[in-house]
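As structure tokens, the structure follows; a few thoughts come after it.
Residue numbers (UniProt numbering): 1 to 296.
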């Protein structure tokens, strides 16, 4: 028997179910079919270079995957990349949000310029940094080093992972700034003024009023960024191609090597399943952290 709302509309009726069913079915198929195919191929012996050697492989792909030193190197690189970019964007975004909250001439233009890198495509930003900023002969950073009498640095050869971290952090810092600046605008000015009248200095206001107020926003920034940073690919593909050696090969690029360079679909699918499990573990942890902050 259908329940009736105060407005007179029915709840749980077949009409509502029939309207929701196509969208829910399409969304379910869009999510479930690729996942099911990935899991299926992860248990298959399927290499495009050897079409005759196929069939059920059991746990063979996973066994080879977890005994491959390159996987653990890629996972370590992924953790370093994600942790470093998160630290730079959260700390830098918080400080920039406090700065741009202050009144100064041209603040509106400065905010737009600070946020604009987030709208640049990853491939374009990687090319800009590779050919215009970090080029050892013609780059802006080499020109600055020459002004101070310092030798030019070949970033992608001597500091490959640091270069990737700088590029990715440059892309995601505006996102953190946008979220934190929006949250900072809801801070009660009367509370800040009362603290200053009681003798609190700028550092005390920041650590005891501003930072606790930004706690929820920081949690949201960490959650969203971490999910996307686990799949960084374009910046690595355009600049270092995972090298030198495995220095900049993260989990996403490791799967790309297995699938499109080694043509081993089974191994790549097993790596994809590992990436899915890792992403879900991170997502569950972060959702709980954000929910705890919202409750508090």
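Built from N, CA and C at the ideal position, the CB exists for glycine as well.
Start and end residues, alpha helix (DSSP H) containing residue i
i           : result
residue 72  : 69-101
residue 14  : 14-42
residue 172 : 160-184
residue 151 : That residue, residue 151, is in no alpha helix (DSSP H); it is neither H nor E in DSSP.
residue 251 : 251-256
residue 130 : Where residue 130 is concerned, there is no enclosing alpha helix (DSSP H), given that its DSSP letter is neither H nor E.
residue 236 : 234-239
residue 244 : Run containing residue 244: none; DSSP gives neither H nor E here.
residue 195 : 189-197
residue 204 : 202-205
Residue i vs residue j beta-carbon contact at 8 Å
i           : j           : result
residue 248 : residue 167 : no
residue 281 : residue 271 : no
residue 274 : residue 123 : no
residue 228 : residue 253 : no
residue 169 : residue 90  : no
residue 333 : residue 41  : Because residue 333 is not part of the residues shown, which for the chain are 1 to 296, the question remains open.
residue 173 : residue 92  : yes
residue 70  : residue 246 : yes
residue 251 : residue 74  : yes
residue 161 : residue 80  : yes
residue 230 : residue 279 : yes
residue 286 : residue 226 : yes
residue 171 : residue 116 : no
residue 195 : residue 218 : no
residue 148 : residue 240 : no
residue 118 : residue 107 : no
residue 63  : residue 45  : no
Where residue i falls: helix, strand or coil (DSSP)
i           : result
residue 47  : strand
residue 263 : coil
residue 108 : helix
residue 120 : coil
residue 217 : helix
residue 138 : coil
residue 210 : helix
residue 230 : coil
residue 283 : helix
Bridge-paired residues (DSSP) for residue i
i          : result
residue 56 : 44
Below-8 Å beta-carbon distance, residue i vs any chain C residue
i          : result
residue 81 : Of the protein chains in this structure there is only one, and it is not chain C.
Does the contact criterion of 3 or more C-beta pairs under 8 Å hold for the stretch 120-130 versus the stretch 176-195?
no
With three or more C-beta pairs closer than 8 Å as the rule, is the stretch 139-154 touching the stretch 88-101?
no
Between the stretch 103-120 and the stretch 218-235, can you find at least three pairs of beta-carbon atoms closer than 8 Å?
Fewer than three pairs of CB atoms, one per stretch, sit closer than 8 Å, so the stretch 218-235 makes no contact with the stretch 103-120.
For the 8 Å Cβ check, are there 3 or more pairs between the stretch 43-57 and the stretch 259-266?
yes
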